[in-house]
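> The letter at position 176 of the sequence shown is residue 176 when you use UniProt numbering, and the numbering goes up by one with no holes.
Here a beta-carbon is modelled for each residue, glycine too, at the ideal position from N, C-alpha and C.
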Amino acid sequence: MLPITVNTEPGEVLSGITAEELATVIGRLGGKDDRFAVVERTSGDADYYIQTWHERGGAYEVEYRDGSQERHFAARLADAEAVVAVFVGWALETDGWADGHDWKQVDFSSEVEDGEDAPDIDATEGFDDEADARAADALDPELREEAEEHAGVLVRGGFELPGEIAEAVSDYFYEDGGTPVSVAAARGIVGPLWRERLAEQATWPEVTDPDRVGTAFDALAERGITARMNFTCCGNCGLAEIGAEAAEGDRGFVFFHYQDTERAVEGGALCLRYGVHHGTGEGDGSGGKGDTASIGREVAAALVEAGLGVVWDGDPGQAIEVDPLDWRKRLPTY
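1) Apart from the five residues just before and just after Ala184, which ones in its own chain have a Cβ nearer than 6 Å to its Cβ?
2) Taking all protein chains shown into account, do 16 or more other C-beta atoms lie within 10 angstroms of the C-beta of Glu81, making it buried, or fewer, making it exposed?
3) Within 10 Å of its beta-carbon, does Val112 have 16 or more other beta-carbons around it, so buried, or fewer, so exposed?
4) Between the C-alpha atoms of Trp53 and Glu149, what's the straight-line distance to the nearest angstrom?
5) Under the rule that 16 or more other beta-carbon atoms within 10 Å means buried, what is Ala244, buried or exposed?
6) Is it right to say Ala138 is buried, meaning 16 or more other beta carbons lie within 10 angstroms of its own, or is it exposed?
7) What residues are listed by DSSP as bridge partners for Leu22?
8) I'd like the ranges of any alpha helix (DSSP H) spanning at least 4 consecutive residues and lying wholly in the region 41-76.
9) So, helix, strand or coil for Leu303, using DSSP?
10) Let me check understanding here. Comparing Cα to Cα, which of Arg156, Asp209 and Glu55 lies closest to Leu308?
11) Once DSSP output is grouped into helix, strand and coil, what is the label at Asp323?
12) Roughly how many angstroms lie between the CA atoms of Val25 and Asp140, to the nearest whole one?
13) Is the distance from the Cβ of Gly191 to the Cβ of Phe127 below 8 Å?
14) Quick check: what's the CA-CA separation for Ala19 versus Met1?
15) Please go through the same chain and pick out, in chain order, the residues whose beta-carbon is closer than 6 Å to the beta-carbon of Gln105, but skip the five residues on each side of it.
16) Can you tell which of Glu40, Val207, Phe36 and Thr215 has its C-alpha closest to the C-alpha of Gly58?
17) Here's a check: name, in chain order, each residue in its chain whose Cβ is nearer than 7 Å to the Cβ of Leu97, leaving out the five neighbours to either side.
18) Rounded to whole angstroms, what's the CA-CA distance from Gly16 to Arg65? Just pull it up for me.
19) Any chance the CB of Phe256 is under 7 Å from a heavy atom of the ligand FAD?
20) Checking 8 Å against the spacing of the C-beta atoms, do Lys329 and Gly163 come in under that value?
21) Within a Cβ cutoff of 8 Å, which residues of the same chain sit near Glu282, ignoring the five residues on either side of it in sequence?
22) At the level of alpha carbons, what is the spacing between Val322 and Glu248?
23) Nearest CA to the CA of Val213: which residue from Ala166, Arg197 and Val299?
24) To the nearest angstrom, report how far apart Gly317 and Glu146 are at their CA atoms.
25) Would you kindly report the start and end of the unbroken alpha helix (DSSP H) that includes Leu92?
26) Once DSSP output is grouped into helix, strand and coil, what is the label at Ser15?
27) Just to confirm before moving on: does the CB-CB distance between Leu303 and Ala216 stay below 8 Å?
28) What whole-angstrom Cβ distance do Glu9 and Asp34 have, given they're in contact under 8 Å?
29) Is it right to say Asn236 is buried, meaning 16 or more other beta carbons lie within 10 angstroms of its own, or is it exposed?
30) Helix, strand or coil: which one does DSSP assign to Arg263?
31) Tyr274: which of Trp312, Val181 and Glu21 sits nearest, CA to CA?
32) Is the beta carbon of Val181 closer than 8 Å to that of Leu143?
33) For Asp315, is the classification buried or exposed, using 16 other Cβ atoms within 10 angstroms of its Cβ as the cut-off for buried?
34) Label Pro202 either buried or exposed according to how many other C-beta atoms from any shown protein chain fall within 10 Å of its C-beta, with 16 as the threshold for buried.
35) List the endpoints of the continuous beta strand (DSSP E) containing Gly227.
36) Do you know whose CA, among Ala186, Phe255, Ala221 and Glu222, lies nearest Met229's CA?
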């Protein structure tokens, strides 16, 4: 069996399948509502995956992400056999699995000219609204209500595209090898919420509190503090992984994680973790409380400078809270 999980457009979640079973999935792609498959390693994280899109009569569009948006590549393959070979090689991390294909880095940057405002883009344009709505309507009412609540938090968080949110909502209910909420049903829920949020943000002021948080984080990054928003699932994972994000010369760090974002979306304060990168020589070089407090003071000052309220008593053992906070983050436009 391959150490992967496969998500398909009809909403299947297939784990631990064989290469032959994967070939069956890839080979059937091309019909209405069954055009793509997304594969993740069971031991990996969300930024390592490979996927393909195929419409009958056309080539296979294959993309893989290798840890970050900057390492996201695409190629066009002629047939299902070639796609299966690439997918199996990727799953097993075989040396040279990507060789022999014309991979190009995907450019996610906005095409808006300098000085122009990015337009509000309805990223749900690829959704099949009628079919997705039917799938959502078929859900148990209580299940649908829970799915709508979870989708609403992710949409209002403002960090993910609608297709990504739909997959996350479907995965949220995953249990015992399957999920009662197909990706199509999740799209039927996410699409209207996304468009509603687009309409709302047209009435917002030019600068919102999440913009101010971003301004503060950008300023901190320029001062040698690794600053990450919506970073990892929890505080423990964030503290374990933030060191790998450090640029050369970074002295300390600050971040908030997914659960912090959800709390802010629901009207709470935004909780920030901060500290010193080990071995940087900051302060007395010990990475102790004095060093951590120094980073905390820099973080608090940057937030205040950006126009935000800060709740923190200077104790390096306590998180910094941004409060009051009105979480109105504009939806991503790429």
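Answer, in terms of the structure:
1) Taking the sequence shown and counting its residues from 1, the one referred to as residue 184 is at position 184. Result list for Ala184: Gly11, Asp132 and Ala135, in chain order.
2) On the sequence shown, position 81 is the one that residue 81 refers to. That one is exposed.
3) Here the question's residue 112 lines up with position 112 in the sequence shown. Note that Val112 scores 40 on pLDDT, short of 50, meaning its location in the model is unreliable; the coordinates nonetheless yield the value given after this. Its Cβ having fewer than 16 others within 10 Å, Val112 is exposed.
4) Within the sequence shown, residue 53 is the residue found at index 53, counting from 1. Within the sequence shown, residue 149 is the residue found at index 149, counting from 1. Cα to Cα, Trp53 sits roughly 29 Å from Glu149.
5) If you number the sequence shown from 1, residue 244 lands on position 244. Exposed, by the Cβ-count rule.
6) Taking the first residue of the sequence shown as position 1, residue 138 is located at position 138. Exposed is the call here.
7) Position 22 of the sequence shown, counting from 1, holds the residue named residue 22. Answer is none; Leu22 lacks a bridge partner.
8) none
9) On the sequence shown, position 303 is the one that residue 303 refers to. Three-state DSSP puts Leu303 in a helix.
10) As a position in the sequence shown, residue 308 is number 308, starting the count at 1. Out of Arg156, Asp209 and Glu55, the CA that lies nearest to the CA of Leu308 is found in Asp209.
11) Here residue 323 refers to the residue found at position 323 of the sequence shown. It is coil, neither helix nor strand.
12) The residue labelled residue 25 in the question sits at position 25 within the sequence shown. The residue labelled residue 140 in the question sits at position 140 within the sequence shown. Approximately 28 Å between the Cα atoms of the pair.
13) Along the sequence shown, read from residue 1 onward, the residue named residue 191 stands at position 191. Along the sequence shown, read from residue 1 onward, the residue named residue 127 stands at position 127. The answer is yes: Cβ separation under 8 Å.
14) The sequence position of residue 19 within the sequence shown is 19, counting from 1. The sequence position of residue 1 within the sequence shown is 1, counting from 1. Straight-line Cα distance between these residues: approximately 7 Å.
15) Here residue 105 is taken as the residue at index 105 of the sequence shown, counted from 1. The beta carbon of Gln105 lies closer than 6 Å to those of Phe73 in the same chain, with the five residues before and after it left out.
16) Here residue 58 corresponds to residue number 58 of the sequence shown, with the count starting at 1. Minimum Cα distance to Gly58 is reached at Phe36.
17) By 1-based counting over the sequence shown, the position of residue 97 is 97. A small correction: the amino acid at residue 97 is Trp; Leu does not occupy that position in the sequence shown. Cβ neighbours of Trp97 within its own chain (closer than 7 Å, five residues either side excluded): Val86, Gly89 and Trp90.
18) Looking up residue 16 in the sequence shown gives position 16. Looking up residue 65 in the sequence shown gives position 65. Using only the alpha carbons, I get a separation of about 21 Å.
19) The ligand FAD is absent from the structure shown, which contains no ligand whatsoever.
20) Residue numbering aside, residue 329 sits at position 329 when the sequence shown is read from its first letter. Residue numbering aside, residue 163 sits at position 163 when the sequence shown is read from its first letter. It is not a contact, given that the beta carbons lie outside the stated cut-off.
21) The residue you call residue 282 lines up with position 282 of the sequence shown. Because Glu282 sits at a pLDDT of 45, beneath the cut-off of 50, its placement in the model cannot be relied upon, and the point is left open.
22) As a first step, residue 322 is located in the sequence shown; it is residue number 322 there, counting from the start. As a first step, residue 248 is located in the sequence shown; it is residue number 248 there, counting from the start. Cα to Cα, the separation comes out at about 28 Å.
23) Mapped onto the sequence shown, residue 213 falls at position 213. When only C-alpha atoms are compared, the closest one is Val299.
24) Within the sequence shown, residue 317 is the residue found at index 317, counting from 1. Within the sequence shown, residue 146 is the residue found at index 146, counting from 1. Looking at the two C-alpha atoms, the distance is approximately 36 Å.
25) Taking the sequence shown and counting its residues from 1, the one referred to as residue 92 is at position 92. Start and end: Ala80 to Leu92.
26) For the purposes of this step, residue 15 is taken as residue 15 along the sequence shown, with counting starting at 1. It is a strand residue.
27) As a position in the sequence shown, residue 303 is number 303, starting the count at 1. As a position in the sequence shown, residue 216 is number 216, starting the count at 1. Yes; because the gap between Cβ atoms is below 8 Å, this pair is in contact.
28) To locate residue 9, count along the sequence shown from 1; it is residue 9. To locate residue 34, count along the sequence shown from 1; it is residue 34. That belief holds up - the Cβ atoms of Glu9 and Asp34 are roughly 5 Å apart, short of 8 Å.
29) Taking the sequence shown and counting its residues from 1, one reaches residue 236 at position 236. When all chains shown are included, Asn236 counts as exposed.
30) The count along the sequence shown starts at 1 and reaches residue 263 at position 263. The answer is helix: DSSP assigns Arg263 an H, G or I state.
31) Here residue 274 is taken as the residue at index 274 of the sequence shown, counted from 1. For the residues Trp312, Val181 and Glu21, the minimum Cα distance to Tyr274 belongs to Trp312.
32) On the sequence shown, position 143 is the one that residue 143 refers to. On the sequence shown, position 181 is the one that residue 181 refers to. Closer than 8 Å, so yes.
33) Indexing the sequence shown from 1 puts residue 315 at position 315. Its Cβ having fewer than 16 others within 10 Å, Asp315 is exposed.
34) Mapped onto the sequence shown, residue 202 falls at position 202. Inspection of the sequence shows that residue 202 is occupied by Ala rather than by Pro. It is exposed - the Cβ of Ala202 has fewer than 16 other Cβ atoms within 10 Å.
35) For the purposes of this step, residue 227 is identified with residue 227 of the sequence shown, where counting begins at 1. A small fix is needed here, since residue 227 is Ala in this sequence, not Gly. First-last of the beta strand (DSSP E) with Ala227: Ile225 to Arg228.
36) Start at 1 with the first residue of the sequence shown, and residue 229 comes out as number 229. Measuring from the Cα of Met229, the nearest candidate turns out to be Phe255.
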